[in-house]
Amino acid sequence: DQQVKQNSPSLSVQEGRISILNCDYTNSMFDYFLWYKKYPAEGPTFLISISSIKDKNEDGRFTVFLNKSAKHLSLHIVPSQPGDSAVYFCAASEGDFGNEKLTFGTGTRLTIIP
Amino acid sequence: EPEVTQTPSHQVTQMGQEVILRCVPISNHLYFYWYRQILGQKVEFLVSFYNNEISEKSEIFDDQFSVERPDGSNFTLKIRSTKLEDSAMYFCASSDEATQYFGPGTRLLVL
């Protein structure tokens with residue numbers, strides 16, 4: 091049951107350029123979306139979130155865009171840095187906030203090339 | 010910065026044995042969760058806990074699983090009789106209503 095999909099298992103980007111990670115969802119009840127970063131042998135680390143009432147949220151180098159009609163969100167990282175190399179997970183919740191169960195995508199492994 | 014902690018970091022057990030995974034959530038959080046990630050698969054929700062009771066559980070969370078908040082700081086996941094397919098990373102999370110913060114995980118290996 092692939093309610094949240096990240097179709098690119100991996101992405102390589104040159105240091106200093108923009109990284110764009112994509113996520114699609116099928117459940118129209120999802121109202122809150124989050125991006126997490128994960129290093130090997132660690133837990134997911136929260137990056138940024140967005141409510142369905144917005145179409146953009148920005149925090150430093152990270153910006154999340156939500157296109158609710160297309161059921162698509164993306165995470166932009168600019169400029170990309172070597173420390174950004176990790177697996178990035180998109181997650182979605184049916185609640186207004188992130189305190190309800192999260193449904194995760196399969197992740198995209200981002201590699202930043204120095 | 011406050012963080013979620015989990016013990017042990019690794020646990021090896023024999024099939025049929027009971028295991029207890031422990032978590033200390035962030036102190037002022039009220040919502041607690043367990044997720045797991047089987048190797049090569051996505052992170053999956055197991056259970057959420059609020060106000061001293063289960064608020065939601067997935068179909069994975071069958072009678073072999075239980076959760077408890079035995080005191081004001083710990084949150085535990087018990088698997089009564091482990092199966093080979095319970096081998097996974099188990100993540101605890103806690104929430105301040107807006108965001109779930111995850112612990113580093115316990116790697117459980119069932120032999």
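Chains F and B supply the protein sequences, listed in that same order. Residue numbering for the first sequence follows the numbering used here, beginning at 91 and increasing consecutively. Residue numbering for the second sequence follows the numbering used here, beginning at 10 and increasing consecutively. Beta carbons are placed, not taken as given, at the ideal position from N, Cα and C, and that holds for glycine.
(request) Compare the C-beta of residue 65 of chain B with all C-beta atoms of chain F and state if any pair is closer than 9 Å. (result) Within the second sequence, numbered from 1, the residue matching residue 65 of chain B stands at position 56. So yes, residue 65 of chain B belongs to the interface.
(request) Below 8 Å on the Cβ atoms is my guess for residue 156 of chain F versus residue 125 of chain F; work out the distance and round it to an integer in Å. (result) Your numbering for residue 156 of chain F matches position 66 in the first sequence. Your numbering for residue 125 of chain F matches position 35 in the first sequence. Rounded to whole angstroms, the Cβ separation of residue 156 of chain F and residue 125 of chain F is 11 Å, and the two are not in contact under 8 Å.
(request) Give me the Cα-Cα distance between residue 63 of chain B and residue 75 of chain B, rounded to the nearest whole angstrom. (result) Taking the first residue of the second sequence as position 1, residue 63 of chain B is located at position 54. Taking the first residue of the second sequence as position 1, residue 75 of chain B is located at position 66. The straight-line gap from Cα to Cα measures roughly 9 Å.
(message) Quick check on this structure: which residue in F:111, F:92 and F:107 has the alpha carbon closest to the alpha carbon of residue 200 of chain F?
(response) Sequence index remark: in the first sequence, residue 200 of chain F carries index 110 (1-based). It is F:111.
(request) Spatial neighbours of residue 12 of chain B within its chain, please: CB distance less than 8 Å, with the 5 preceding and 5 following residues excluded, ordered by chain position. (result) Locating residue 12 of chain B in the second sequence gives position 3, where the first residue counts as 1. Counting only Cβ-Cβ distances below 8 Å, and skipping sequence neighbours, we find 35, 110 and 112.
(request) Classify residue 30 of chain B as helix, strand or coil using the three-state DSSP reduction. (result) As a first step, residue 30 of chain B is located in the second sequence; it is residue number 21 there, counting from the start. Residue 30 of chain B falls in the strand class under three-state DSSP.
(request) Go through its chain and collect everything with a Cβ distance to residue 19 of chain B's Cβ below 6 Å, but skip five positions before and after it. (result) Reading the second sequence from its first residue, position 10 is the one you call residue 19 of chain B. Hits under 6 Å: 116.
(message) Which residue marks the beginning of the beta strand (DSSP E) containing residue 181 of chain F, and which one marks its end?
(response) In the first sequence, the residue the question calls residue 181 of chain F occupies position 91. Start and end: 176 to 183.
(message) Pull the bridge partners of residue 147 of chain F from the DSSP assignment, please.
(response) Within the first sequence, residue 147 of chain F is the residue found at index 57, counting from 1. Answer is F:154.
(message) Please report the distance separating the alpha-carbon of residue 92 of chain F from that of residue 152 of chain F.
(response) To locate residue 92 of chain F, count along the first sequence from 1; it is residue 2. To locate residue 152 of chain F, count along the first sequence from 1; it is residue 62. The C-alpha of residue 152 of chain F is placed about 25 Å away from the C-alpha of residue 92 of chain F.
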